[in-house]
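A quick write-up on the structure given underneath.
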Amino acid sequence: MRAARLMKVFVTGPIPAEGRAALAQAADCEVEQWDSDDPIPRKDLERGVAGAHGLLCRLTDHVDKKLLDAAGANLKVISTLSVGLDHLALDEIQKRGIRVGYTPDVLTDATAELAVSLLLTTCRRLPEAIEEVKNGGWTSWNPLWMCGYGLSQSTVGIVGLGRIGQAIARRLKPFGVQRFLYTGRQPRPQEAAEFQAEFVSTLQLAAESDFIVVACSLTPATRGLCNKDFFQKMKNTAVFVNISRGDVVNQEDLYQALASGQIAAAGLDVTTPEPLPTNHPLLTLKNCVILPHIGSATYKTRNTMSLLAANNLLAGLRGEPMPSELKL
Ligand code: NDP
Ligand code: DGY
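First residue of the sequence shown? That's 1 in full-length UniProt numbering, and the numbers climb one at a time after it.
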């Protein structure tokens, strides 16, 4: 009797243990994995995906028409180890009838926690304060020194009241926030009710918020949304936080706003490009805190993401319902 042919799966880099184990146990798949932690070079990605039935990728892998052509007609499932989808050419993917799995929900808490940490770190100037302790700038207790901004009685504006945006608002509410504003493509009265959040225009949110947290997805409509006009509307005491994608922000305009005192401070978990070059002007500013895209980076969350991504891939290949399938 002839053995059934194995389905080829290409994984674009090492993944946490639970996902790895699920793939290793799949007797119907032959798994090939790129073994470096650095993003896979494009040529190797194109070579690796050729003839594959399934692709498990990261947000750093651009799945565009050229890559889909390189993969060929076998490709049936793309499973991304992310909730963000901006690295996937969804139109092309849909045209070819390829199913897409992603990792919503399982990373919401970790990302919201990081967003709140970044907001507090930025508005209370923690990196600057720690540096002063180390470099001898701390000479005595001084009522005028190292003051920042607090959340109590404040107005918080959330750009994108989706899963993560809501989880951020839920965590900020107990700090005594007085008013929540939000923007999006349309009002979300059901979700907004929990925070009595008001749906406003993007520029009204910019003008009235003391803290702004960007938690939307990157789409053609949100690319460059936070630009000169947006920052000019903001209060000069306001703090801006972005955990969504770097391209939602025009970084030159943000630099000008921070350097000129147009806004008080910014905390960024995401930048353009990633990594941000170490000589980037934003890194010269004391009022800008930059993290290396670590929103979902807890051991547990990354493990759960990897298992979900593996299960999405396997279910898709077997023609079964995927635990988290994107509706195309
Ligand atoms: P959701 O799909 O639940 O939320 C996306 C939000 O984007 C929705 O509230 C949507 O609002 C909003 N949005 C879409 N278009 C616009 C627009 N034109 N203007 C304003 N808002 C808009 O996704 P998640 O909350 O799960 O994730 C959101 C994003 O966070 C991801 O796409 C990813 O880029 C980023 N992310 C970053 C992480 C990190 O490590 N820093 C970790 C995880 C996610 P509406 O539908 O009402 O228009
Ligand atoms: C995502 O999932 O989109 C994040 O950016 C990384 O977890």
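For every residue, glycine included, the Cβ atom is placed at its ideal position computed from N, Cα and C.
- Message: I need the straight-line Cα distance from Asn311 to Thr298, nearest angstrom please.
- Response: 20 Å
- What is the residue span of the beta strand (DSSP E) that Glu131 lies within? Segment 126-135 is the alpha helix (DSSP H) holding Glu131; no beta strand (DSSP E) there.
- Buried/exposed call for Pro220, threshold 16 Cβ in 10 Å: exposed
- Message: I need the DSSP call for Phe230, collapsed to helix, strand or coil.
- Response: DSSP places Phe230 in helix when its eight states are reduced to three.
- Item | Close beta carbons around Leu307, own chain, < 7 Å, minus the five adjacent residues each side | Glu18, Gly19, Ala22
- Return yes when at least one heavy atom of ligand 2 lies under 7 Å from the C-beta of His293, else no. yes
- Task: Drop a sphere of 10 angstroms on the beta-carbon of Ala215, count the other beta-carbons inside from all chains shown, and report buried for 16 or more, exposed for fewer.
- Result: buried
- Query: If you follow the alpha helix (DSSP H) that Tyr299 is part of, which residue opens it and which one closes it?
  - Reply: Note, Tyr299: alpha helix (DSSP H), 299-317.
- Query: In the DSSP assignment, what are the bridge partners of Leu268?
  - Reply: Asn242, Ile290
- Query: In this structure, what does DSSP give as the bridge partners for Glu325?
  - Reply: Gly101
- Query: Roughly how many angstroms separate the alpha carbons of Ala264 and Val241, rounded to a whole number?
  - Reply: Cα to Cα, Ala264 sits roughly 11 Å from Val241.
- Item | Where Cys147 falls, given that 16 or more other Cβ within 10 Å makes a residue buried | exposed
- Task: Locate the alpha helix (DSSP H) running through Cys123, then write down its first and last residues.
- Result: Element bounds for Cys123: 108-123.
- Item | Distance CB(Pro14)-CB(Asp35) smaller than 8 Å | yes
- Decide if Thr271 is buried, meaning its Cβ has at least 16 other Cβ atoms within 10 Å, or exposed. When all chains shown are included, Thr271 counts as buried.
- Task: Could you tell me if residue 331 is buried or exposed, where buried requires 16 or more neighbouring beta carbons within 10 angstroms of its beta carbon?
- Result: Nothing about residue 331 can be read from this structure; the chain reaches only from 1 to 328.
- Message: In the DSSP output, which residue or residues are listed as bridge partners for Ser79?
- Response: Leu56, Gly101
- Query: Is it the case that the CB of Ser82 approaches a heavy atom of ligand 2 more closely than 7 Å?
  - Reply: yes
- Query: When you compare only the Cα positions, how much space is there between Arg5 and Lys76?
  - Reply: 15 Å
- Option nearest Gly101 by Cα separation, candidates Leu90, Thr111, Ala110, Asp109: Leu90
- Query: When the distance is taken between beta carbons, is Pro16 closer than 8 Å to Asn303?
  - Reply: yes
- Query: Apart from the five residues on each side of it in sequence, which residues of its chain come closer than 6 Å, Cβ to Cβ, to Met322?
  - Reply: Gly101, Asn312, Ala315, Gly316
- Return yes when the Cβ of Leu254 is within less than 8 Å of the Cβ of Ala266, no when it is not. yes
- Query: Among Pro39, Asp69, Ala71, Leu85, which residue has its Cα nearest to the Cα of Leu328?
  - Reply: Leu85
- In DSSP terms, what Tyr182 is bridged to: Ile158, Phe199
- So is Ser201 buried or exposed if we call it buried at 16+ other beta carbons inside 10 Å? So Ser201 ends up on the exposed side.
- Message: For Val159 and Gly184, what's the separation of their Cα atoms in angstroms?
- Response: 7 Å
- Taking all protein chains shown into account, do 16 or more other C-beta atoms lie within 10 angstroms of the C-beta of Gly261, making it buried, or fewer, making it exposed? Counting C-beta atoms within 10 angstroms of its own C-beta, Gly261 has fewer than 16 neighbours from the protein chains shown and is therefore classed as exposed.
- Message: With a threshold of 7 Å (Cβ to nearest heavy atom), would Ile212 be considered close to ligand 1?
- Response: Of the heavy atoms belonging to ligand 1, none sits nearer than 7 Å to the Cβ of Ile212.
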